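Everything below concerns the one structure shown next.
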Amino acid sequence: MDKGRLEAFSDGVIAIIITIMVLELKIPGGVRGAEIRSLQALLPVFTSYILSFIYIGIYWNNHHHTMQAVKSVNGTILWANMHLLFWLSLIPFVTGWMGENDFARWPVTCYGIVLIMNAFAYTILIIALIRHHGKNSLLSKAIGKDWKGKISIVIYAVAIAVSWLNSTISFGLYILVACIWFIPDKRIERKLVDH
Numbered sequence: 805m806d807k808g809r810l811e812a813f814s815d816g817v818i819a820i821i822i823t824i825m826v827l828e829l830k831i832p833g834g835v836r837g838a839e840i841r842s843l844q845a846l847l848p849v850f851t852s853y854i855l856s857f858i859y860i861g862i863y864w865n866n867h868h869h870t871m872q873a874v875k876s877v878n879g880t881i882l883w884a885n886m887h888l889l890f891w892l893s894l895i896p897f898v899t900g901w902m903g904e905n906d907f908a909r910w911p912v913t914c915y916g917i918v919l920i921m922n923a924f925a926y927t928i929l930i931i932a933l934i935r936h937h938g939k940n941s942l943l944s945k946a947i948g949k950d951w952k953g954k955i956s957i958v959i960y961a962v963a964i965a966v967s968w969l970n971s972t973i974s975f976g977l978y979i980l981v982a983c984i985w986f987i988p989d990k991r992i993e994r995k996l997v998d999h
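Every letter in the sequence shown is one number past the one before it in this note's numbering, and letter 142, counting from 1, is 946.
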């Protein structure tokens, strides 16, 4: 099957996810709503929004690069992609919950669970794509051993466990993973240029 519909559908869902997140940002109201100090109460919400926006951007970028390295998709890949989109669609919920509750233990833990499930879902998608295109495919060579992905999953697991002791450290670990991935992954680009 042609990959175009999968890409278009994924782009649309990701755009909707970002839209939902921004619509969750509430404008300060009341007598003091127009004062700059009224934004102080929104700082946790805005901070969690920024991190989640970056994560969505990272997934969109990597998804786009991945799809450039493949020629076609099959039913397994379509379902693996839907699995990824399901977990991505939960990011607005845990983002709002975490921000509205000042990074309390349970929201930070659940945020980490959603992040690690996104990482697993993306790994499943990559495995399905490599199986479809073969171990000697451009994508397989570009991904290699995927140390970046494996390290990210370990950091998420540590952050989820640590959230029961200190949710601020967990949030810091989520930021660390975002920093690891923030610079676009050049593995696929390099292989495409070489190819």
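Positions of the beta carbon are idealized from the N, C-alpha and C atoms, including for glycine. Source: prediction; values computed, not measured.
Exercise. Does DSSP put Glu956 in a helix, a strand or coil?
Worked result: Checking the sequence, you will find Ser at residue 956 rather than Glu. Assignment of Ser956 by DSSP, reduced to helix, strand and coil, places it in the helix class.
For this session: Have a look at Pro911, Glu904, Ile928 and Val966 and flag the residue whose alpha-carbon is nearest the alpha-carbon of Lys830.
Result: Nearest of Pro911, Glu904, Ile928 and Val966 to Lys830, Cα basis: Glu904.
Exercise. Which whole-angstrom value is the C-beta distance of Tyr960 and Ala923, which I expect to be below 8 angstroms?
Worked result: Sure, about 6 angstroms apart at Cβ, within 8 angstroms.
For this session: Could you check how far apart the C-beta atoms of Asn866 and His936 are, in whole angstroms? I think they sit under 8 angstroms.
Result: Not really, about 18 angstroms apart at Cβ, beyond 8 angstroms.
For this session: Measure from the alpha carbon of Trp901 to the alpha carbon of each residue in Gly953, Gly916 and Phe890, then state which is nearest.
Result: Of all alpha-carbon atoms in Gly953, Gly916 and Phe890, the one lying nearest the alpha-carbon of Trp901 is that of Gly916.
Exercise. Could you give the residue range of the alpha helix (DSSP H) that holds Arg935?
Worked result: Here the alpha helix (DSSP H) through Arg935 covers Arg909 to His937.
Problem set entry | Bridge-paired residues (DSSP) for Asp806 | Asp806 is bridged to Ser876.
For this session: Under the assumption that Ile824 contacts Pro896 (Cβ atoms under 8 angstroms), give the Cβ distance between them as a whole number of angstroms.
Result: Contact between Ile824 and Pro896 holds: CB atoms are separated by about 4 angstroms, below the 8 angstroms threshold.
Exercise. At which residues does the alpha helix (DSSP H) containing Ile831 begin and terminate?
Worked result: Taken as a continuous stretch (DSSP letters only), Ile831 belongs to no alpha helix (DSSP H), as it is neither H nor E.
For this session: Identify the continuous alpha helix (DSSP H) that holds Trp901 and give its terminal residues.
Result: Element bounds for Trp901: Ile895 to Glu904.
Problem set entry | Sufficient close CB pairs (3 or more, under 8 angstroms) joining the stretch 854 to 866 to the stretch 814 to 828 | Output reads yes: the stretch 814 to 828 touches the stretch 854 to 866.
Exercise. Just the Cα atoms here: how many angstroms apart are Thr870 and Leu943?
Worked result: For Thr870 and Leu943, the distance between alpha carbons rounds to 7 angstroms.
For this session: Would you please state the rounded distance, in angstroms, between the beta carbons of Ser974 and Val912? I believe it to be under 8 angstroms.
Result: Contact holds; Cβ gap of about 5 angstroms.
Exercise. So, using beta-carbon positions, are Pro832 and Leu843 closer together than 8 angstroms?
Worked result: For Pro832 and Leu843, yes; Cβs fall inside 8 angstroms.
For this session: Determine, using beta carbons only, whether Leu892 and Ile979 come nearer to each other than 8 angstroms.
Result: In terms of Cβ geometry, Leu892 and Ile979 do not form a close pair [threshold 8 angstroms].
For this session: Could you check what DSSP says for Lys949 in three-state terms: helix, strand or coil?
Result: Three-state result, Lys949: coil.
For this session: Return helix, strand or coil for Ser814, following the three-state DSSP convention.
Result: DSSP, read as helix, strand or coil, puts Ser814 in helix.
Problem set entry | Nearest candidate by alpha-carbon position, reference Tyr859, set Ser967, Lys990, Ser956 and Val962 | Comparing alpha carbon positions, the residue from Ser967, Lys990, Ser956 and Val962 closest to Tyr859 is Ser956.
For this session: Look at the Cβ atom of Arg909, then the Cβ atom of Ser971, and state whether they are nearer than 8 angstroms.
Result: Judged by their CB atoms, Arg909 and Ser971 are nearer to each other than the 8 angstroms cut-off.
For this session: Measure the alpha-carbon distance for Ser967 versus Asp906 and round it to whole angstroms.
Result: If you take the alpha carbons of Ser967 and Asp906, they lie about 13 angstroms apart.
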